[in-house]
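S.K.: Going down the list, the sequences are from chains A and B. Mapped onto my numbering, the consecutive letters of the first sequence carry residue numbers 10 to 206. Mapped onto my numbering, the consecutive letters of the second sequence carry residue numbers 12 to 428. A single structure is presented below for examination.
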Amino acid sequence: MMHRLSLCALAAAALALAGPARAADDAAIKDKLAACFSCHGDNGLSTLDGVPSIAAQPELFLEWQLVFFRTGRVKSEIMQPVAAELSDDDIRAIGSYLATLPPIKTSPPPDDAPAMTEVGGKLAAGRNCGNCHGEGFHGQQGAARIAGQREDVLLKALHDYKEGRRFGTGVAAMPEVAMELDDDQMKALAHYMSRQR
Amino acid sequence: MAGSTKFAGIAAVAVMALMAAAPAQAQLKHYDSNSESFWTHPPPDWFLGDETQQQKGLSPQPNPPTPATMAQLEANLKKIKMAPGFKISVYAANVPEARQMAWGDKGTLFVGSWFDAGNVYAITDEGGKKVVKTVLSKLTVPTGIAFHDGALYVADVNKIYKYDNAEASLDKMPAPKVVYDDMPPYIPHGWKYLAMDKKGMLYVAFGPPCNECMAPTSTMQVRRINPNNGTAEIIALGVRNSVGGDIDPRTGQYWFSENARDWISDDLPSDKLEHIASGVPHFGYPYCHQGDLPDPTYAMGHKCSEFVPPAFKLGPHVAPLGMKFYTGDQFPAEYKDAIFLAEHGSWNRHKYNGGRIVAIVVGPDGRNPKQHVIASGWIQGDRNFLGRPADVINAPDGSILVADDWAGAIYRISYGK
């Protein structure tokens, strides 16, 4: 696993060194997308710990994340140097392409913690997650597709919101939502969401 | 000194169970506002908990992540309908999430921004070409800015900063002085607008961290702040979310725009234009909206007649933001001292309203208000934005500039020729 992660970090670093971005150059965008997939999985469905699936995410959500990495508002040793080389046109091209990729289709594995799933489902309804993330949590506008996202990624995101490493897009909702969740509730929510399709 | 946290007490909030055709049952809910975390992250149901079945699914749209290109802006402006004789053009592109504008003494246009960008920009003219430079970055929500005596003032949630000698320091802004910090640190409705009078006093509204609630003290008010010594006085109460205001050049009195509560219906209540004519008026929030609509839950026995009604009803969900009295002489004489106001446009309405620049011609005493639509069309179809006007400012040549935080651009509206 570490081996793959360091390989993908190398690919990302190579992209960062590849020189100034050219506007809307198809070949250049394909190179950049190949670098994305080296970490985020074939067709944007991640199989790596700590690396989110980026396929079928809303265009606005994807583009905002790249802008946040580019300005350094969200910290990531891997993503910041990559995003620093992207122009506005690159960001729009990458966002619009990834948004068209199909979401995860395979059924979730047998549930090893059905009690957590139940708690998570109740929390999701009680916190109005669908209000911004859409019915079925498939994402809309600037809000991520959280259904079917990796459990470890969702859990980290909730902690990042609660602990001030990430902030909400457009409206300041996620830090406020996460603030009230304890560790077990965050685990349950991440478990439940990762099992949705 | 996080001054406002000192005001904290226990805020009690009545939350109504919505029950069709049956008397609603009030259930009193308590929030402990003594903790620091309450003030940095108010409970989410303060502003997410009011959704109704009727308005279900409506949520604020985030801005596009990247500003519109010049070609897109020019195509967009072809769809904007102008009042006869008025013209609109792009003044500057590439100003991500542009909010309040302020002129420097030497002709630099400073522009604040919304919180995904978190920047303050300086726009200068180099041989007829507008050059946009990011002079401050990584602020939280630097929406409100002002300029006075060589200094740039920036309001960022719970602090007002002063940057001396700002126009000569565009390449490297000086370390700021904090001139006022008795402000709550929460983000919801924590974004500010800075109106300034001739003496350099700042007029700042403090919104509640919710849609509709009995908010703690130190919110729901407008203060006049003296940045020279950090003192302030309350000049209006019962105010929800106000992100625009200006001093009437005819009287020296403060007028401001106010966003009314959400989640009642598409057509209620109206957003408001307010006028502080005398004393310290209470404009009704949270008990009464638009001067004549008692809140279904929070009226709690109050009558609207107890409160000062709005100077003008701007319409439901138009989202009035920045405004300025027109002081130029390029526009027709009827617009002299009229209020030019930027409508940001709806989110909590099935068919969006606003997204326009309007002019309200009104007497200095508030009599005979009459609204004229100057520019419209930034809302296309039911819920699509081409742009969202966020502020207006008088330009030296008698035109006005409009900041658009959706397209990330500044426009110029001129008259004649």
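Virtual Cβ for every residue (Gly too), placed ideally from N, Cα, C. In this text the structure is predicted, and so the values were computed from the model without any measurement.
For Pro297 (chain B), which residues in the same chain have their Cβ closer than 7 Å to its Cβ, ignoring the five residues on either side in sequence?
M.R.: For Pro297 (chain B), where only same-chain residues beyond five positions count, the Cβ hits under 7 Å are Glu223, Cys224, Met225, Asp306, Tyr309.
S.K.: Let me see if you follow: with CB-CB separation under 8 Å, is Gln66 (chain B) close to chain A or not?
M.R.: Taking Cβ atoms only, chain A never reaches closer than 8 Å to Gln66 (chain B), which makes this a no.
S.K.: Specify the secondary structure class of Gln205 (chain A) as computed by DSSP and reduced to three states.
M.R.: Here Gln205 (chain A) sits in coil by DSSP.
S.K.: Just to check my reading of the structure: Phe158 (chain B) and Gly249 (chain B) have Cβ atoms closer than 8 Å, yes? What is that Cβ distance to the nearest angstrom?
M.R.: Actually they are not in contact, since the Cβ atoms of Phe158 (chain B) and Gly249 (chain B) sit about 30 Å apart, beyond 8 Å.
S.K.: Apply the 10 Å Cβ neighbour rule to Glu86 (chain A) and answer buried if 16 or more other Cβ atoms are within range, or exposed otherwise.
M.R.: Glu86 (chain A) is exposed by the Cβ-count criterion.
S.K.: Report the residues of the region 75 to 91 of chain A with a CB closer than 8 Å to any CB of chain B, ordered along the chain.
M.R.: Answer set for the region 75 to 91 of chain A: Leu75, Val76, Phe77, Thr80, Gly81, Arg82.
S.K.: Could you name each continuous beta strand (DSSP E) segment of 3 residues or more that falls completely within the region 133 to 198 of chain B, going from the start of the chain to the end?
M.R.: With a minimum length of 3 residues, the continuous beta strand (DSSP E) runs that stay inside the region 133 to 198 of chain B are 140 to 147, 155 to 159, 162 to 167, 170 to 174, 188 to 191.
S.K.: Per DSSP, what kind of secondary structure is Ala36 (chain A) in: helix, strand or coil?
M.R.: Three-state DSSP puts Ala36 (chain A) in a helix.
S.K.: Taking C-beta to C-beta, are Gly356 (chain B) and Gly365 (chain B) nearer than 8 Å?
M.R.: Closer than 8 Å, so yes.
S.K.: Are Lys188 (chain B) and Thr154 (chain B) touching if we call contact CB-CB under 8 Å?
M.R.: No, they are not a contact pair.
S.K.: Comparing alpha-carbon positions, which option in B:Tyr337, B:Gly388, B:Ala349 lies nearest Ala406 (chain B)?
M.R.: The shortest Cα separation from Ala406 (chain B) among B:Tyr337, B:Gly388, B:Ala349 belongs to B:Tyr337.
S.K.: Which of the three DSSP states, helix, strand or coil, is assigned to Leu39 (chain B)?
M.R.: Confidence in Leu39 (chain B) is poor, its pLDDT being 45 and thus under 50, which makes the residue's placement unreliable; the coordinate value appears in the next sentence. Correct three-state label for Leu39 (chain B): strand.
S.K.: For Ala37 (chain B) and chain A, any beta-carbon pair shorter than 8 Å?
M.R.: Since pLDDT at Ala37 (chain B) reaches only 47, below the 50 mark, its modelled position is unreliable, and the value read off the structure follows with that caveat. Not one chain A Cβ lies under 8 Å of Ala37 (chain B).
S.K.: Closer than 8 Å, Cβ to Cβ, to anything on chain B: give me those residues from the region 60 to 76 of chain A, in chain order.
M.R.: Per Cβ criterion, the list reads Leu69, Glu72, Trp73, Leu75, Val76.
S.K.: Where does Ile245 (chain B) land, buried or exposed, given buried means 16+ other C-beta within 10 angstroms?
M.R.: That one is exposed.
S.K.: Rounded to whole angstroms, what is the Cα-Cα separation between Ser100 (chain B) and Leu397 (chain B)?
M.R.: Cα-Cα distance, rounded: 14 Å.
S.K.: Would you mind telling me which residues of chain B sit closer than 8 Å to Ile100 (chain A), beta carbon to beta carbon, in chain order?
M.R.: Here the neighbours are Pro76, Thr77.
S.K.: For Met88 (chain A) and Asn74 (chain B), what's the separation of their Cα atoms in angstroms?
M.R.: Their backbone Cα atoms lie some 22 Å apart in a straight line.
S.K.: Once the 5 residues before and after Asn359 (chain B) are set aside, which same chain residues still bring their CB inside 7 Å of it?
M.R.: Counting only Cβ-Cβ distances below 7 Å, and skipping sequence neighbours, we find Gln66, Leu69, Asp273, Trp274, His328.
S.K.: For a minimum of 4 consecutive residues, which ranges assigned as the alpha helix (DSSP H) are wholly contained in the region 70 to 116 of chain B?
M.R.: You should have 81 to 89.
S.K.: In three-state terms, what does DSSP make of Arg234 (chain B)?
M.R.: It is a strand residue.
S.K.: Would the beta-carbon of Tyr191 (chain B) fall within 8 Å of that of Gly256 (chain B)?
M.R.: Their beta carbons are not under 8 Å apart, which means Tyr191 (chain B) does not touch Gly256 (chain B) by this criterion.
S.K.: Just verifying my parser: in three-state terms, what is the DSSP assignment at Cys224 (chain B)?
M.R.: DSSP places Cys224 (chain B) in coil when its eight states are reduced to three.
S.K.: If distances are taken between C-alpha atoms only, which option among B:Glu269, B:Lys209, B:Val146 comes closest to Pro260 (chain B)?
M.R.: Among B:Glu269, B:Lys209, B:Val146, the Cα nearest to that of Pro260 (chain B) is on B:Lys209.
S.K.: Just checking: is the beta-carbon of Tyr201 (chain A) within a distance shorter than 8 Å of some beta-carbon in chain B?
M.R.: False, the Cβ-Cβ gap to chain B never drops below 8 Å.
S.K.: Would you list the one or two residues that DSSP bridges to Asn395 (chain B)?
M.R.: According to DSSP, which records beta bridges pairwise, Asn395 (chain B) is partnered with B:Gln391.
S.K.: Assuming Leu284 (chain B) and Leu304 (chain B) form a contact by the criterion Cβ under 8 Å, report the distance between their Cβ atoms to the nearest whole angstrom.
M.R.: Between Leu304 (chain B) and Leu284 (chain B) the Cβ distance is about 16 Å, and since that is not below 8 Å, they are no contact.
S.K.: Does the structure place the region 63 to 77 of chain A close enough to the region 121 to 132 of chain A that three or more beta carbon pairs sit under 8 Å?
M.R.: Cβ pair count under 8 Å is below three, so no.
S.K.: Determine the DSSP secondary structure at Asn137 (chain A), reduced to helix, strand or coil.
M.R.: Coil.
S.K.: Grouping DSSP H, G and I as helix and E and B as strand, with all else coil, what is Ala152 (chain A)?
M.R.: If DSSP states are grouped into helix, strand and coil, Ala152 (chain A) belongs with the strands.
S.K.: For the region 101 to 119 of chain B and the region 384 to 404 of chain B, state whether three or more C-beta atom pairs, one from each stretch, are separated by less than 8 Å.
M.R.: A contact exists between the region 101 to 119 of chain B and the region 384 to 404 of chain B.
S.K.: Taking Cβ-Cβ distances shorter than 7 Å, what residues in chain B pair up with Gly151 (chain A)?
M.R.: By Cβ distance, chain B contributes Pro73.
S.K.: For the candidate residues B:Gly123, B:Ser316, B:Val369, whose alpha-carbon lies nearest to that of Val165 (chain B)?
M.R.: Ranking the options by Cα distance to Val165 (chain B), first place goes to B:Gly123.
S.K.: Count the other CB atoms, across all protein chains shown, that sit within 10 Å of the CB of Arg206 (chain A); report buried if there are 16 or more and exposed otherwise.
M.R.: The residue is exposed, with fewer than 16 neighbouring Cβ atoms inside 10 Å.
S.K.: Which one of B:Val106, B:Tyr102, B:Ala162, B:Asp160 has the shortest CA to CA distance from Gly139 (chain B)?
M.R.: Out of B:Val106, B:Tyr102, B:Ala162, B:Asp160, B:Tyr102 has the C-alpha closest to the C-alpha of Gly139 (chain B).
S.K.: Distance, Cα to Cα, Leu412 (chain B) vs Thr145 (chain B)?
M.R.: Their backbone Cα atoms lie some 19 Å apart in a straight line.
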